[in-house]
Amino acid sequence: MEVVDIARWQFGITTVYHFLFVPVTIGLSLIVAVFQTMWLRSKNPDHLRLTKFFGKLFLINFAIGLVTGIVQEFQFGMNWSDYSRFVGDVFGAPLAIEGLLAFFLESTFLGLWIFGWDKLPRALHASCMWLVHLGTLFSSYFILAANSWMQNPVGHTYNPETGRAELVDFWAVMFNKVQMWTFPHVITAAYLTGGAFVLGISAWLYLRKRTADADRPMYLTGTRVGAWFVLIAGLGVAITGDLQGKIMTEVQPMKMAAAEGLYETSDSCAPFSVFTIGTPNGEEEKFAVTIPCLLSFLGTGTFDGKVQGINPLREQYRETYGQDPGATYYHPEDYVPVIPVTYWSFRFMIGLGMAAAGGAALLLWVTRKGRRPASRWWGVLAVSLPVLAIFANSFGWIFTEMGRQPWVVYGLMTVNNAVSPGVSTTEAWISLITLTSLYAILAVIEIKLLVTYARKGADPYVEPPNPTLRGDDSDDDAPLAFAY
1 MEVVDIARWQ
11 FGITTVYHFL
21 FVPVTIGLSL
31 IVAVFQTMWL
41 RSKNPDHLRL
51 TKFFGKLFLI
61 NFAIGLVTGI
71 VQEFQFGMNW
81 SDYSRFVGDV
91 FGAPLAIEGL
101 LAFFLESTFL
111 GLWIFGWDKL
121 PRALHASCMW
131 LVHLGTLFSS
141 YFILAANSWM
151 QNPVGHTYNP
161 ETGRAELVDF
171 WAVMFNKVQM
181 WTFPHVITAA
191 YLTGGAFVLG
201 ISAWLYLRKR
211 TADADRPMYL
221 TGTRVGAWFV
231 LIAGLGVAIT
241 GDLQGKIMTE
251 VQPMKMAAAE
261 GLYETSDSCA
271 PFSVFTIGTP
281 NGEEEKFAVT
291 IPCLLSFLGT
301 GTFDGKVQGI
311 NPLREQYRET
321 YGQDPGATYY
331 HPEDYVPVIP
341 VTYWSFRFMI
351 GLGMAAAGGA
361 ALLLWVTRKG
371 RRPASRWWGV
381 LAVSLPVLAI
391 FANSFGWIFT
401 EMGRQPWVVY
411 GLMTVNNAVS
421 PGVSTTEAWI
431 SLITLTSLYA
441 ILAVIEIKLL
451 VTYARKGADP
461 YVEPPNPTLR
471 GDDSDDDAPL
481 AFAY
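First residue of the sequence shown: 1, per the UniProt record's numbering; consecutive thereafter.
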């Protein structure tokens, strides 16, 4: 294997691994804030117990996600120095703001939420978690703005003397047409994942034999709240995904063609591929089950819209961009992504997401009007939903990044030209093995912590203090209390 292949494997492994935690963090921060607000309004002890219980699991996930995310920045310098030099001027602004504004907003108010149970008034304390969630949204927006620039580079000019892309319009990058639908699509997917996480754990605790009968209504509440999040967010994912697909057809037609295995341009009524079998290298279709005209509607908004095919686009890109003789892909020198990966990751993303939403709808039905089903089949279904949601997110990112290949910045730089020229194969292997091993250890720690604290269930209700802003009802010299 060449350095570029090893570097791609490393970045893919660490990035997909990191993104296992991101949607759970975003979704849980909102749900914990909702539970705490419900408690403030209802004074129902179950709502506070759910707040602290899922808040504990949120903190575990947040910590591991933070550690794994730091590695992403170092990789740019280690294995992708030519890419970093090329995009640094553009990426500097959104990523710096993400660190200085969003991350500090998250960490500051998360610290206040952790240690402020006996120091802050209840409403102010609850607002801290809302601000943590706001920080996750800001963080996501700036990072996705940088990624969307890679999909559709705007707001820059190329300086031939330095060989760099230079930022000339910050707002064009922030409000990139790709970003406008990528952000809500990713966030609603995160809400779906967070809801599935709450649903799955609550349902498991509800059905567990050792759970006290008095606690089962609380876990049933958690199950239904999680299911509503999955169902409503699933609708948002479908709407934003449809709109994102139309933008993708416009700015990245090769990605859409590869996602559908569409080899020849359809001037009207392009079919949607339900299932396609092609040659192992993805160069030719052998068998396909299609729905007539549906792809035209999904890609253009009309049933007779034109959707470009892989073969014509290949020739067009060769004429526009020339050859890339150093490329090492299934289709060297022709600017076509790995079609089997792009095609199937697209379907797994959609299929698993729809299955999660459908499962949530079914669980809402069987638990309607306070019903408490005794059958364990719905518990098995509930526990499977977080897995479905997390893998749907992962396949979505695989599709997003692999479908752009061989470009690292669409139309400007190929992956082969982005790798660090001074890294040897041995160094790349050492880096890959070290980080993969480290992440495997972190996976064991994460799973162990989540399972341990999930098994304990929610702690018994303890009335928390209600200090005032003036500190009249508390000892100002008392140390901060860690709630967990």
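Idealized CB from N, CA, C, for every residue including glycine.
At the C-beta level, A146 and P217 stay beyond 7 angstroms of one another. Taken in chain order, the unbroken stretches of beta strand (DSSP E) that lie wholly in the stretch 366-418 and span 3 residues or more are 407-409. Assigned with DSSP and collapsed to three states, Y83 falls in helix. DSSP, reduced to helix, strand and coil, places L120 outside both helices and strands of the structure shown, so it counts as coil.
The stretch 433-451 makes no contact with the stretch 29-45, as fewer than three CB pairs between them are under 8 angstroms.
Per the DSSP secondary-structure output, I291 pairs in a beta bridge with F272. Proximity of the stretch 41-54 to the stretch 217-231 meets the contact definition, three or more beta-carbon pairs being nearer than 8 angstroms. For S266, DSSP records a beta bridge to V307.
Looking only at G403, S375, L412, G359, the smallest Cα-Cα distance to P386 is reached by G359. DSSP places L112 outside any beta strand (DSSP E); the residue lies instead in the alpha helix (DSSP H), whose first and last residues are 104-115. As DSSP reads the structure, Y453 sits in no beta bridge. The beta-carbon separation of F346 and A259, rounded to 4 angstroms, stays under the 8 angstroms limit for a contact. Between the alpha carbons of G422 and T414 lies a gap of roughly 18 angstroms.
Between R314 and V336, the C-beta gap is smaller than 7 angstroms, which places the two residues in contact.
The residues S420, in chain order, have a CB closer than 6 angstroms to that of S81 in the same chain once the five nearest residues on each side in sequence are set aside. Annotation for I247: K177, V178, W181 place their beta carbon closer than 7 angstroms to its own, counting only its chain and skipping 5 residues before and after. In the structure shown, the three-state DSSP call for L167 is strand. Distance from the CA atom of L124 to the CA atom of P160, rounded to whole angstroms, is 53 angstroms. Contact check for D89 against L167 passes: the beta carbons are separated by less than 7 angstroms. Pairing T436 with V67, the inter-Cα distance amounts to about 14 angstroms. For N466, the three-state secondary structure derived from DSSP is coil.
Counting the other Cβ atoms within 10 Å of the Cβ of T425 gives fewer than 16, which makes it exposed. Contact between the stretch 190-204 and the stretch 226-234 is present: three or more C-beta pairs spanning the two stretches fall below 8 angstroms. Put simply, of M354, T157, T221, V274 the residue whose alpha carbon is nearest the alpha carbon of I239 is M354. For H156, DSSP records a beta bridge to L167. Sequence-distant partners of V409 (beyond 5 residues in either direction) whose C-beta falls short of 6 angstroms from its own C-beta, in its chain, are M150, P153. In the three-state scheme derived from DSSP, where H, G and I count as helix and E and B as strand, R224 is classed as helix. Just so you know, the alpha carbons of G77 and A458 end up roughly 43 angstroms apart. If you check the CB distance, G379 and L207 come in under 7 angstroms. V4 sits buried, since 16 or more C-beta atoms from the chains shown fall within 10 Å of its C-beta. Our two residues, P271 and P292, have alpha carbons roughly 4 angstroms apart in a direct line.
In terms of Cα proximity to N466, the closest of E319, Y317, D118 is D118. Scanning E319, R318, L294 for the CA closest to the CA of V307 turns up L294.
Residue nearest to N79 within the set I430, Y461, L442 is I430 (criterion: CA-CA distance).
Distance from L20 to I390 at the Cβ level is roughly 6 angstroms; contact confirmed, criterion being Cβ atoms closer than 8 angstroms.
Rounded to whole angstroms, the separation of the alpha carbons of Y461 and T211 is 15 angstroms.
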